[in-house]
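Residue numbers (my numbering), protein chains in the order written: chain H, 2 to 86; chain F, 38 to 342. Even for Gly, the Cβ is constructed at its ideal location relative to N, Cα and C. Data first, discussion second: the structure below is written as structure tokens.
Encoded structure:
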């Protein structure tokens, strides 16, 4: 199962519903688009990618397969960027 | 060997310059006349020596070798890059961003931020024809105490200007042309030194009201201005920091504060006149009418970023 735990040492700034992350290990900055920012925020309350997708589908009333795909892709990218534990 | 010495300050940081080349000495002072202030009697923190021997001009910083050049003209840029590095290293009370800036009325600044080749310098020169005042090119200085922009009126380094610049641009800058050519280039270089009519007093402080990220694309027809999310703007400012390593976590907070106070845009730029007009419309009413050919004169030439 994919980790949904944000690294605790990251510096996070939420600006108008979008998230900017500073990684003090690599000194790199990351900008999450609005959808990725929502997924990032849902890490706090959800325990699995499926649960995140369900939350989004419930609110946006949109196609669940597309949302699940987007969530998986976002998680993959966050992992590649080393932002998850 | 006769040595010339001068003390100068930039952002109140004291430097000393020693050289045995009188021509370099005179021209260095002229080129940086808008940027540097005379020494204020304080002990210089950094000393630069530029000593010409039989073959090279050698640049040393506090006695330590930094660089050497066969020709005189690269010295000006090279010494100023050393000076900039010293400022980044020593001045922790400022955030330095890779950006140009002009000011309009009420001390409101327009930042033109972005990497080399994005069109910042060309746009900066172009906007001076629209009643803006020159704040800086390439290095924006933000005071951490109030997040305002300080003037850093360095000369703009330009290459490829084969003929005299149009009178309207020329009246705001004094151009120094150097005949020497660098080994790998075929075009002479020039240095555009801002003149008094466009130079704000050194103690000016301008509020950052607009942050624009130009992106020059020569194949694009026209220019267009697109609103940018503040998060993306903060992200891009972080990427364009010269001394961000001093701040780490605070850097993100500072950039975030800057974008929250400003309107942020991306400028897709294919036509300089249109780009200037879009910015003029954004920042206030028109004040000066500019002939298209004046701007085209700027546009056709390259500005070293």
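Collapsing the DSSP output to three states places residue 93 (chain F) in coil. Any Cβ of chain F closer than 8 Å to the Cβ of residue 50 (chain H) would place that residue at the interface, and such an atom is absent. C-alpha of residue 270 (chain F) to C-alpha of residue 301 (chain F): approximately 7 Å in a straight line. The C-beta distance from residue 73 (chain F) to residue 47 (chain F) rounds to 5 Å, short enough to fall under 8 Å. For residue 12 (chain H), at least one C-beta of chain F is nearer than 8 Å to its own C-beta.
Residue-level contact by beta carbon fails for residue 208 (chain F) and chain H, as no gap is shorter than 8 Å. Residues are counted here when their Cβ sits less than 7 Å from a Cβ of chain H; for the region 304-320 of chain F the count is zero.
DSSP places residue 270 (chain F) in the helix class (H, G or I) of the three-state scheme. Shown here, residue 57 (chain F) sits in coil according to DSSP, grouped into three states, outside any helix or strand. Taking 8 Å as the cut-off, the Cβ atoms of residue 81 (chain H) and residue 53 (chain H) do not count as close.
Interface residue (Cβ-Cβ distance to chain F less than 8 Å): residue 19 (chain H) is classified as such. DSSP lists no beta-bridge partner residue for residue 241 (chain F). Listed along chain F, the residues sitting closer than 8 Å to residue 16 (chain H) by beta-carbon distance are 266, 267, 268, 271, 293, 296, 297. Rounded to whole angstroms, the gap between the alpha carbons of residue 21 (chain H) and residue 34 (chain H) is 9 Å. Residue contact check for residue 300 (chain F) against chain H: no CB pair falls below 8 Å.
Counting only the Cα atoms, residue 58 (chain F) lies some 7 Å from residue 89 (chain F). For residue 125 (chain F), no chain H residue has a C-beta closer than 9 Å to its own C-beta; the minimum C-beta separation is roughly 15 Å.
Residue 14 (chain H) has its alpha-carbon roughly 17 Å from the corresponding atom of residue 27 (chain H). Judged by DSSP in its simplified three-state form, residue 190 (chain F) adopts coil rather than helix or strand. Using a 10 angstroms sphere on the CB of residue 48 (chain H), the tally of other CB atoms stays under 16, which defines it as exposed.
Counting of Cβ neighbours within 10 angstroms places residue 161 (chain F) among the buried residues, the total reaching 16 or more.
At least one CB of chain F lies nearer than 8 Å to the CB of residue 30 (chain H). Counting C-beta pairs with one atom in each stretch, the region 54-73 of chain H and the region 140-148 of chain F have fewer than three that are closer than 8 Å, which means they do not touch. For residue 127 (chain F), the enclosing alpha helix (DSSP H) covers residues 110-127.
Under the Cβ distance rule, residue 289 (chain F) counts among the residues neighbouring chain H, one pair being separated by less than 8 Å. A straight line joining the alpha-carbon of residue 106 (chain F) with that of residue 115 (chain F) spans about 9 Å. Looking at F:194, F:208, F:77, F:176, the one whose alpha-carbon comes closest to that of residue 188 (chain F) is F:176. Inclusion of residue 146 (chain F) and residue 192 (chain F) in the CB contact set at 8 Å is not warranted, their separation being larger than that value.
Of the candidates H:51, H:18, H:6, H:51 places its Cα closest to the Cα of residue 66 (chain H). In this chain, the alpha helix (DSSP H) harbouring residue 65 (chain H) covers 65-81. Per DSSP, the continuous alpha helix (DSSP H) segment holding residue 36 (chain H) begins and ends at 35-43. Annotation: Cβ neighbours of residue 286 (chain F) in chain H (cutoff 8 Å, chain order): 12, 23, 25.
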